[in-house]
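Residue numbers (the working numbering), protein chains in the order written: chain S, 1 to 181; chain G, 182 to 355.
Structure first, commentary second.
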Amino acid sequence: MIGALVAGITGSGGAVASSYESIATATGTGSSGTITFSSIPSTFKHLQIRGIFNDGGYNLNLRLNSDSGSNYASHKLYGNGSTVTATGAASGTEIDTGAYGGSTTNTMSTIIIDILDYASTTKNKTTRHFAGNDQNGSGLVWVTSGLWTSTSAISTIQILNIYGNYNTQTTFALYGIKEAA
Amino acid sequence: MPAGATYEPLASTTLTGTQSTIDFTSISGSYTDLVISIYCQNAAATTGTRTGLLKLNSDSGTNYSYTSLSGNGTAASSARASSQSGGIYYAELPRNGNGPNVFGFARISFFNYAGSTNKTILSENSADLNGSGNVVRIVGLWRSTSAITSISLIGGSEGFASGTRATLYGIKAA
């Protein structure tokens, strides 16, 4: 094959200023099902979390500002390799992303979580989640959304697993996205 | 506290003729994730789309698998392929026969690409042909614990058409 070769990528030099900034990274301990990002600055417009996780195959949920009230809703669209399912739930105590963690050694689930206008004090907060788990013969793809019926600025995000513990290969990274000044 | 700007463009190409593959090689392990954005078209003179696959580190073993979720305007579907040697499905590529200006889009994330786990990717793909088309979400697995140092995007049996543009980005976590 004749390829359009783009070679010699070094990771240094050529970088340009970006509005996408790393805020914090958290890793699993093997003994806890909770990952927490706290004291999130309000200096960005949007947040994104990118993660890989393995927790024995349980659901990943989100809780914001440690609010454990029935103030969350979720909608899920997912495929398991043969069928597609759409579901929703209201008045939950967490956002259900639908995604579950990897359950095989070295095989991780992945997720991208977008939280728009997280620092607004006049809008409820909507989240978007794109996640997947493929284990060479089984797995799912999820496209889901969440709602937190609160106008508070988000300063804490908990990534919860009620039933399992995140293993030590689990990593979630929080990024902030700025807008034009 | 924020650790500074990231999401750096590492390499980019815009094709001026038909090419079978777009290859990003000698990728350093300096980042946490990689992202490829590609605005793409297959060179076939017929209508419809071609399936785009990608290979990692030139591996031609049966180490690829994927699960997809798709909508075509009338129905939703989900599919899976296991133990594949041809690569991971990343996109439906509009064929040139739909019109020379009809391109599709894919954004592909490679997580923990330099780490010691098997490698999982997520791809978001859209291909609208003005009357038909697909929106596709894909999770792919490469059963290898090797760091990814090269990515080969395959443009379907006729290759990528001229005008296809791909950019590789690196994202570094704090």
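Every residue gets a Cβ at the ideal spot worked out from N, C-alpha and C, and that includes glycine.
Residue environment analysis places residue 213 of chain G among the buried positions, since at least 16 neighbouring C-beta atoms fall within 10 angstroms of its C-beta. For residue 135 of chain S, the nearest beta carbon of chain G is closer than 9 Å to its own beta carbon.
The C-alpha of residue 115 of chain S is placed about 11 Å away from the C-alpha of residue 64 of chain S. A distance below 6 Å between beta-carbons, with the five flanking residues on each side excluded, links residue 324 of chain G to the following residues of its chain, in chain order: 244, 299.
In this structure, the beta-carbon distance from residue 253 of chain G to residue 312 of chain G does not fall below 9 Å. With a minimum length of 3 residues, the unbroken runs of beta strand (DSSP E) contained wholly in the region 26-70 of chain S fall at 34-37, 46-53, 59-64. Annotation: Cβ neighbours of residue 83 of chain S in chain G (cutoff 8 Å, chain order): 259. When Cβ-Cβ separations below 9 Å define contact, residue 166 of chain S makes no contact with chain G. Of all alpha-carbon atoms in S:113, S:84, S:48, S:96, the one lying nearest the alpha-carbon of residue 70 of chain S is that of S:96. DSSP places residue 278 of chain G within a helical segment (H, G or I) once states are collapsed to three. Residue 305 of chain G sits in a strand when the DSSP states are folded into three classes.
In the DSSP assignment, the residues bridged to residue 349 of chain G are G:192, G:217. Among the residues of chain G, those whose CB is under 7 Å from the CB of residue 24 of chain S are 355, following chain order.
Neighbours of residue 318 of chain G in chain S, taken as residues whose beta carbon is under 7 Å from its own, are 130, 141, 143 in chain order. Annotation note: the region 311-350 of chain G contains the following uninterrupted beta strand (DSSP E) runs of length 3 or greater, listed N- to C-terminal: 314-323, 332-335.
Contact annotation: the region 206-223 of chain G touches the region 282-297 of chain G, with at least three C-beta pairs closer than 8 Å. The beta-carbon of residue 52 of chain S is placed less than 9 Å from the nearest beta-carbon of chain G. Put simply, the CB of residue 264 of chain G is near chain S, with a gap under 9 Å to one of its CB atoms.
The secondary-structure analysis by DSSP pairs residue 76 of chain S across a beta bridge with S:87, S:144. In chain order, 298, 299, 301, 322, 324 make up the part of chain G whose C-beta sits under 9 Å from the C-beta of residue 107 of chain S. Beta bridge pairing from DSSP links residue 133 of chain S with S:140.
Remark: C-beta atoms of residue 161 of chain S and residue 34 of chain S approach each other more closely than 9 Å. Here residue 347 of chain G is actually not in contact with residue 251 of chain G; their C-beta atoms are around 22 Å apart, not less than 8 Å. By the neighbour-count definition (other C-beta atoms within 10 Å, threshold 16), residue 109 of chain S is a buried residue.
Proximity to residue 327 of chain G across G:239, G:187, G:339 peaks at G:239, based on C-alpha coordinates.
Residue nearest to residue 88 of chain S within the set S:58, S:75, S:32 is S:75 (criterion: CA-CA distance). Residue 261 of chain G has its alpha-carbon roughly 17 Å from the corresponding atom of residue 143 of chain S. Identification of chain G residues near residue 112 of chain S by a Cβ-Cβ cut-off of 7 Å yields 290, 303, ordered along the chain. Counted as a single uninterrupted DSSP element, the beta strand (DSSP E) harbouring residue 100 of chain S occupies residues 95-100.
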